[in-house]
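K.L.:
In my numbering, the protein residues as written are 1 to 285.
All C-beta atoms, glycine included, are put in the ideal place defined by N, C-alpha and C.
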């Protein structure tokens with residue numbers, strides 16, 4: 001299927017026929033879905049044509065399914081409970097949401113590429129009580145990911161120590177990626193030792209760490225519709241998947257590689273992550 005004005009015609013420029021990945025975005029966000037055809041067209045013009053989505057809650061998972069139905073070769077779904085959603089749940093609601101995740105995976109697991117985004121957020125907007133629920137639901141989702149043999153998409157804010165400890169206990173078979181990674185090389189190495197890729201956006205503060213990460217562990221993301229790069233504007237007023245190209249541009253000096261080379265290696269790494277998940281699912285449990 002070709003969305004109108006989504007870069008599917010015969011007269012696309014050189015970038016439009018490229019096939020690069022956005023490692024983490026939320027195309028299913030209602031703000032983007034309201035203008036999806038134009039957003040996809042701009043993304044295609046930038047050469048970004050495939051998208052690994054980050055899940056947040058059951059309603060979000062349904063919107064992902066709508067997108068994948070229309071764009072089956074371009075949309076890669078992740079079902080999970082975002083830490084911000086987890087923080088607002090009581091015990092009963094948390095159990096219902098976990099049950100919903102397990103049921104969704106039972107019904108649609110073949111079409112789900114990853115579990116997430118999940119993790120722990122200790123940012124200023126979170127309370128100590130919310131951290132308990134975040135941690136509980138994070139650990140439950142890790143157990144689900146292990147059983148399903150799927151990679152995990154991580155959201156980590158000021159909680160690397162806690163997240164790494166939980167990952168070691170979980171003993172995942174398919175690894176995952178750390179979205180919007182922003183820490184030091186020692187922390188990066190700990191994640192990589194556990195089979196994780198590190199995802200970088202266009203934020204300048206992440207460039208120094210990216211220089212120390214092996215090329216086969218680097219992936220690029222937009223986190224659209226949020227995290228609009230500073231000084232960048234779009235017709236939608238939102239961050240869009242096309243900003244993955246800005247992330248590559250920001251790393252050309254850091255990685256000493258051409259822009260399209262960086263986009264290509266990121267895409268290969270995302271493909272490898274997804275293949276490792278598929279391979280893990282094929283193994284006897």
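Let me confirm a value: residue 85 is counted as buried when at least 16 other C-beta atoms fall within 10 Å, else exposed. Which label applies?
P.N.:
Here residue 85 is taken as the residue at index 85 of the chain shown, counted from 1. With 16 or more Cβ atoms within 10 Å of its Cβ, residue 85 is classed as buried.
K.L.:
Helix, strand or coil, according to DSSP, for residue 221 in the structure here?
P.N.:
For the purposes of this step, residue 221 is taken as the residue at position 221 of the chain shown. The answer is coil: DSSP assigns residue 221 none of H, G, I, E or B.
K.L.:
Can you pull the DSSP bridge partners for residue 199?
P.N.:
One-based indexing of the chain shown puts residue 199 at position 199. For residue 199, which the question treats as bridged, DSSP gives the partners 219.
K.L.:
Nearest-angstrom Cα distance between residue 195 and residue 224?
P.N.:
By one-based count along the chain shown, residue 195 stands at place 195. By one-based count along the chain shown, residue 224 stands at place 224. Looking at the two C-alpha atoms, the distance is approximately 25 angstroms.
K.L.:
Just list the residues that DSSP pairs residue 116 with in beta bridges.
P.N.:
On the chain shown, position 116 is the one that residue 116 refers to. In the DSSP output, where bridge partners are listed per residue, residue 116 has 153.
K.L.:
To the nearest angstrom, how far is the alpha carbon of residue 76 from that of residue 67?
P.N.:
Here residue 76 corresponds to residue number 76 of the chain shown, with the count starting at 1. Here residue 67 corresponds to residue number 67 of the chain shown, with the count starting at 1. C-alpha separation (whole angstroms): 9 angstroms.
K.L.:
Which runs of the alpha helix (DSSP H) spanning at least 4 residues fall entirely within the region 216-271, listed in chain order?
P.N.:
The qualifying runs are 244-255.
K.L.:
Are residue 121 and residue 134 close, meaning C-beta to C-beta below 8 angstroms?
P.N.:
On the chain shown, residue 121 is found 121 positions in, with the first residue counted as 1. On the chain shown, residue 134 is found 134 positions in, with the first residue counted as 1. In this structure, residue 134 lies closer than 8 angstroms to residue 121 by Cβ.
K.L.:
Work out the CA separation of residue 50 and residue 12 for me, nearest whole Å.
P.N.:
What you label residue 12 is simply residue 12 of the chain shown in a count that begins at 1. What you label residue 50 is simply residue 50 of the chain shown in a count that begins at 1. Because the pLDDT of residue 12 is 44, which lies under 50, any placement of that residue in the model is unreliable, and the question is left without a value.
K.L.:
From the DSSP output, read off the bridge partner residues of residue 176.
P.N.:
Here residue 176 is taken as the residue at index 176 of the chain shown, counted from 1. Paired residue(s): 152 and 196.
K.L.:
Below 8 angstroms, how does it come out for the region 210-222 and the region 18-33: are there three or more Cβ pairs, yes or no?
P.N.:
Because the criterion of three Cβ pairs below 8 angstroms is met, the region 210-222 and the region 18-33 touch.
K.L.:
Select from 80, 233 and 200 the residue whose C-alpha is nearest the C-alpha of residue 249.
P.N.:
For the purposes of this step, residue 249 is taken as residue 249 along the chain shown, with counting starting at 1. Closest by alpha carbon: 200.
K.L.:
Return the CA-CA distance between residue 267 and residue 47, expressed in angstroms with no decimal places.
P.N.:
As a first step, residue 267 is located in the chain shown; it is residue number 267 there, counting from the start. As a first step, residue 47 is located in the chain shown; it is residue number 47 there, counting from the start. So the two alpha carbons sit approximately 11 angstroms from each other.
K.L.:
Report the three-state DSSP secondary structure of residue 23 (helix, strand or coil).
P.N.:
Start at 1 with the first residue of the chain shown, and residue 23 comes out as number 23. Residue 23 falls in the strand class under three-state DSSP.
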